[in-house]
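Residue numbers (numbering that gives the first Met the number 0): 0 to 162. Ideal Cβ positions, reconstructed from N, Cα and C, are used throughout, including at glycine. Structure first, commentary second.
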Amino acid sequence: MKGNKIIFLFLAFLLPICIFLFLKFFGKNEFAVEPLYGTIAPDVQEGCAPVSIPYYVPDSVTSALSFGNDSLVLVIFGKPDKEGATQLMRIDEEFPEDKIQQKIITDADPHFSSWKKCIFFLKEPFDVILVDRKGIIRGQYVSNDREEMDRLLTEIAIILKKY
Numbered sequence: 000m001k002g003n004k005i006i007f008l009f010l011a012f013l014l015p016i017c018i019f020l021f022l023k024f025f026g027k028n029e030f031a032v033e034p035l036y037g038t039i040a041p042d043v044q045e046g047c048a049p050v051s052i053p054y055y056v057p058d059s060v061t062s063a064l065s066f067g068n069d070s071l072v073l074v075i076f077g078k079p080d081k082e083g084a085t086q087l088m089r090i091d092e093e094f095p096e097d098k099i100q101q102k103i104i105t106d107a108d109p110h111f112s113s114w115k116k117c118i119f120f121l122k123e124p125f126d127v128i129l130v131d132r133k134g135i136i137r138g139q140y141v142s143n144d145r146e147e148m149d150r151l152l153t154e155i156a157i158i159l160k161k162y
């Protein structure tokens, strides 16, 4: 009877260890930030050209904004208020060695409204877009909302594989 208890106790300790080792060696635990318009078409507003799926930011826009070879670009529509500027500074502080460009498009820019509604498909209250080097939109955010900026920081970390 005492021998059976020892065997059951040994198996009770051995089973979780075996499960852990199996998952460690054969499991894949990885997060990914899916493209925003990879499988579902965006709501194209009146006056905009139809888009194809998966959606890529047109080369004319990426060259006009001079994206370069940086891995990620934040496109900010309008001048951020004080809280928004503070939240956007957190990105530079969090990822100092990674070049994450921030491109601000102000109301004075002639492309402001057409790019906002027809290229980046922004609706209120969103004013920040995350675009990768391939021109794929990864997310839309609100610059003066701390929770949205926390989500942006998390998604940047996932994309850069820093988690």
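Legend entry - Enclosing alpha helix (DSSP H) for K23 [first to last residue]: That run of the alpha helix (DSSP H) goes 1 to 25.
Inset, instruction - Could you name the residues that DSSP lists as bridge partners for V50? - result: Within the DSSP bridge table, the entry for V50 names no partner.
Legend entry - 7 Å CB neighbourhood of Y162 in its chain, flanking five on each side removed: Low confidence applies here, because Y162 scores a pLDDT of 39, under 50, leaving its location unreliable and the question unanswered by this model.
Legend entry - Cβ pair Y36, G134 closer than 7 Å: With a cutoff of 7 Å on beta-carbon distance, Y36 and G134 are scored as not near each other.
Inset, instruction - Just grab the DSSP bridge partners of L129 for me. - result: Answer is L73, G138.
Inset, instruction - Pick helix, strand or coil for I103, following the three-state DSSP scheme. - result: DSSP places I103 in strand when its eight states are reduced to three.
Legend entry - Coarse secondary structure for F38, derived from DSSP in three states: Residue 38 is actually Thr in this sequence, not Phe. If DSSP states are grouped into helix, strand and coil, T38 belongs with coil.
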